[in-house]
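J.:
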Amino acid sequence: MATTLQLTGSPFLALKALPPFEGLKRCPSTLRVPSSLGASGVGFDRRCFRGLVVKAATVVSPKFTSLKPLGDRVLVKIKTSEEKTSGGILLPTTAQSKPQGGEVVAVGEGKSIGKKTIDPSVQTGAQIVYSKYAGTEMEFNGSNHLILKEDDIVGVLETDDVKDLKPLNDRVLIKVAEAEEKTAGGLLLTEAAKEKPSIGTVIAVGPGPLDEEGNRVPLTVTRGARCCIQNMRAVNSREKTAQIISL
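Numbering-wise (our numbering), the sequence shown opens with residue 263 and increments by one.
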């Protein structure tokens, strides 16, 4: 897998003998420079290879002062999980929902299509929502960050109301029709028994996907249109009836 970050800060030693692997951490205590190799020689203790460990998130050394994404990737500072309910009840770690949003802290130069480079759709400081399980998590400057491709960004959301979401690319935000609360005979339905609605109203549309030449292709749906939904996914928000889909 190609390296997706440029690291700047204190000088460091680049070891070309080892290809980069995400999730692999090399223990610096096992690196040695034998005097027999001279000032430019670099050698490895056999214990170095036993010191390789796999971690769920990459930890960036404190000596690095900045991270620069490459290509169409962006670096996002992940929002902290809500530790309390709206009623003030403390939630255990296992019950806390994983955030799907954060602040863009760095962007790459953009997506390359042929000889054309498309500028990033988001800028530093933007509050975004991204797809679940997208990107690679890492710890940087004491905070959890995520590096992901621009295609994994669902949209820009500067408020806590999902209705203000601005979808990106070919995504569409839809307000789903409310499920029936009762049967035709007047019996109340439980949440599990309610049929999931498949009809909704478009409340926001993205600018459209890019074609082979890097030009935007507008979507055929418009705001206010009623549509039948086949595949959709919810945005992590208090608003339960808002869904976003990719066309």
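For each residue, glycine too, the CB sits at the ideal point set by N, CA and C.
1) Apart from the five residues on each side of it in sequence, which residues of its chain come closer than 7 angstroms, Cβ to Cβ, to residue 364?
2) Please state if the CB of residue 411 and the CB of residue 478 are separated by a distance shorter than 7 angstroms.
3) Thinking residue 418 and residue 388 are a contact (beta carbons under 8 angstroms), I'd like their distance in whole angstroms, please.
4) Tell me, to the nearest whole angstrom, how far the beta carbon of residue 430 is from that of residue 383; I am working on the premise that it is less than 8 angstroms.
5) Have a look at the DSSP bridge pairing and note the partners of residue 465.
6) On the CB-based measure, 16 or more other CB atoms within 10 Å of its CB, does residue 573 come out buried or exposed?
7) Could you spell out the range, first to last residue, of the beta strand (DSSP E) harbouring residue 478?
8) Who are the near neighbours of residue 487 in its chain, counting only those whose CB is closer than 7 angstroms to its CB and skipping five residues on each side?
9) Taking the alpha-carbon positions, what's the residue 439 to residue 425 distance?
10) Within a Cβ cutoff of 8 angstroms, which residues of the same chain sit near residue 397, ignoring the five residues on either side of it in sequence?
11) From the DSSP output, read off the bridge partner residues of residue 385.
12) Leaving aside the five residues before and after residue 392 along the sequence, list all residues of the same chain whose C-beta is less than 8 angstroms from its C-beta, in chain order.
13) Spatial neighbours of residue 373 within its chain, please: CB distance less than 6 angstroms, with the 5 preceding and 5 following residues excluded, ordered by chain position.
14) Which residues mark the beginning and the end of the beta strand (DSSP E) in which residue 379 is found?
15) Whole-angstrom Cβ separation of residue 433 and residue 468, contact assumed at under 8 angstroms?
16) Is residue 378 near residue 476, with beta carbons less than 7 angstroms apart?
17) Per the DSSP calculation, residue 430 is bridged to which residue(s)?
18) Counting C-beta neighbours from all protein chains within 10 Å, is the total for residue 369 16 or more, i.e. buried, or is it exposed?
19) Tell me whether residue 291 sits in a helix, a strand or coil according to DSSP, three-state version.
T.: Short version:
1) 338, 339, 340, 341, 390 and 408
2) no
3) The pair is a contact, with the Cβ atoms about 5 angstroms apart (cut-off 8 angstroms).
4) 5 angstroms
5) Paired residue(s): none; residue 465 is not in a bridge.
6) Nothing about residue 573 can be read from this structure; the chain reaches only from 263 to 509.
7) Taken as a continuous stretch (DSSP letters only), residue 478 belongs to no beta strand (DSSP E), as it is neither H nor E.
8) 464
9) 15 angstroms
10) These residues qualify, in order along the chain: 338, 408, 409, 410, 411 and 414.
11) DSSP output for residue 385 lists no bridge partner at all.
12) 338, 362, 363, 364, 408, 410, 414, 415 and 416
13) 334 and 380
14) 378-380
15) 5 angstroms
16) yes
17) Partner(s): none; residue 430 has no beta bridge.
18) buried
19) Note on residue 291: pLDDT 45, under 50, position unreliable in the model; the coordinate value appears next. Three-state result, residue 291: helix.
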